[in-house]
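*Asks:* Have a look at this one before I ask anything.
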Amino acid sequence: MKLKKNFLWGGSIAAHQCEGAWQEGGKGPAIMDYVRQGSYQVPRQIDTIISSEATYPSHMGIDLYHQYKSDIRLFSEMGFTALRISIDWSRIFPNGDDEQPNQEGIMYYIDVVDTLLSYDIEPIVTLYHFEMPKNLVQKYGSWTNRKVIELYLKFCQTMFESLKGKVHYWVTFNEMNHIDPQTEATDIFTYIIAGLKYSELENKSQTLAEIGYNMTVASCSAIVLGKK
């Protein structure tokens, strides 16, 4: 099959899956930093505090935070013309509601994008891939609170300005449809989206509807913001 020259071929990664360095560069704790390693036989456990005896995949990832230059070179050797990455909200606003962004985090992502561009790899940037700052869950109730929409848009505006002219493809949310797990057998789906355990929701249907609505409003508002 013959592909057009502008066809984008590549891969997709998420910050919490690959970066590691969960306590470096000014990053704050995010919801996935509290999810233990699991397997097809062992469900992933969600902790409220970090245990020194447990393994949390997001803490080390594949060490992309330190190895991104060599990893991107390998992607280029594989023939990648595009790579979808995500920006960890907690690396830009460690608490989610900080007055000013973490400049070290911004500079990290600028350099990641610049490195991709140096290899003619088109960056496709996801703004929310299960990386909500833990503080936003504890203080505001996550996406049940419309205040979080405002904070998300502040984060989006920061990244739009920081990566202006470098990034042409943005994704507002990754798999927001996972908010409804359809079963109480696992808490993981609702948790990765909103940092809330499905089994602990008092009014499940109403709460899920509120979360879905607020995330949709946030997504639409981010699109309008980005086009400005």
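Quick note, the sequence shown lines up with residues 72 to 299 if you use the working numbering. Beta carbons: idealized from backbone N, C-alpha and C, even for Gly.
Can you name the start and end residues of the beta strand (DSSP E) that Ala153 belongs to?
*Replies:* The count along the sequence shown starts at 1 and reaches residue 153 at position 82. Its beta strand (DSSP E) spans residues Ala153 to Ser157.
*Asks:* Please go through the region 101-182 and give each complete alpha helix (DSSP H) segment of 4 or more residues, from N-terminal end onward.
*Replies:* As far as the region 101-182 is concerned, its whole alpha helix (DSSP H) runs of at least 4 residues are 128-131, 135-148 and 160-163.
*Asks:* Report the residue from Asn173, Phe151 and Ser161 whose alpha carbon sits nearest the alpha carbon of Asn77.
*Replies:* The residue labelled residue 77 in the question sits at position 6 within the sequence shown. For the residues Asn173, Phe151 and Ser161, the minimum Cα distance to Asn77 belongs to Phe151.
*Asks:* In chain order, what residues of the same chain lie with their CB nearer than 6 Å to the CB of Val219, ignoring the 5 residues before and after it?
*Replies:* The residue labelled residue 219 in the question sits at position 148 within the sequence shown. Excluding sequence neighbours, Val219 sits near Leu207 and Tyr211.
*Asks:* Closest to Ser141 by C-alpha separation, out of Pro100, Thr186, Tyr179 and His239, would be which residue?
*Replies:* On the sequence shown, position 70 is the one that residue 141 refers to. Comparing Cα positions, the closest option is Thr186.
*Asks:* In the DSSP assignment, the beta strand (DSSP E) including Tyr240 goes from what residue to what residue?
*Replies:* Locating residue 240 in the sequence shown gives position 169, counting from the first residue. That run of the beta strand (DSSP E) goes Tyr240 to Val242.
*Asks:* Ile263 and Met103: beta carbons closer than 8 Å?
*Replies:* Start at 1 with the first residue of the sequence shown, and residue 263 comes out as number 192. Start at 1 with the first residue of the sequence shown, and residue 103 comes out as number 32. Yes, these two residues count as a Cβ contact at 8 Å.
*Asks:* Grouping DSSP H, G and I as helix and E and B as strand, with all else coil, what is Thr229?
*Replies:* Locating residue 229 in the sequence shown gives position 158, where the first residue counts as 1. Of the three classes helix, strand and coil, the one that applies to Thr229 here is helix, per DSSP.
*Asks:* Are there 16 or more other CB atoms within 10 angstroms of the CB of Gly176, so buried, or fewer, so exposed?
*Replies:* For this step, residue 176 is matched to residue 105 along the sequence shown. Buried is the call here.
*Asks:* Using DSSP bridges, identify the partner residues of Glu193.
*Replies:* Position 122 of the sequence shown, counting from 1, holds the residue named residue 193. DSSP lists Ala153 as partners of Glu193.
*Asks:* Would you kindly check if the distance between the Cβ of Ser147 and the Cβ of Ala101 is under 8 Å?
*Replies:* Residue 101 sits at position 30 when you count from the first residue of the sequence shown. Residue 147 sits at position 76 when you count from the first residue of the sequence shown. It is not a contact, given that the beta carbons lie outside the stated cut-off.
*Asks:* Looking at Ile250 and Thr243, is the spacing between their C-beta atoms short of 8 Å?
*Replies:* Sequence index remark: in the sequence shown, residue 243 carries index 172 (1-based). Sequence index remark: in the sequence shown, residue 250 carries index 179 (1-based). No.
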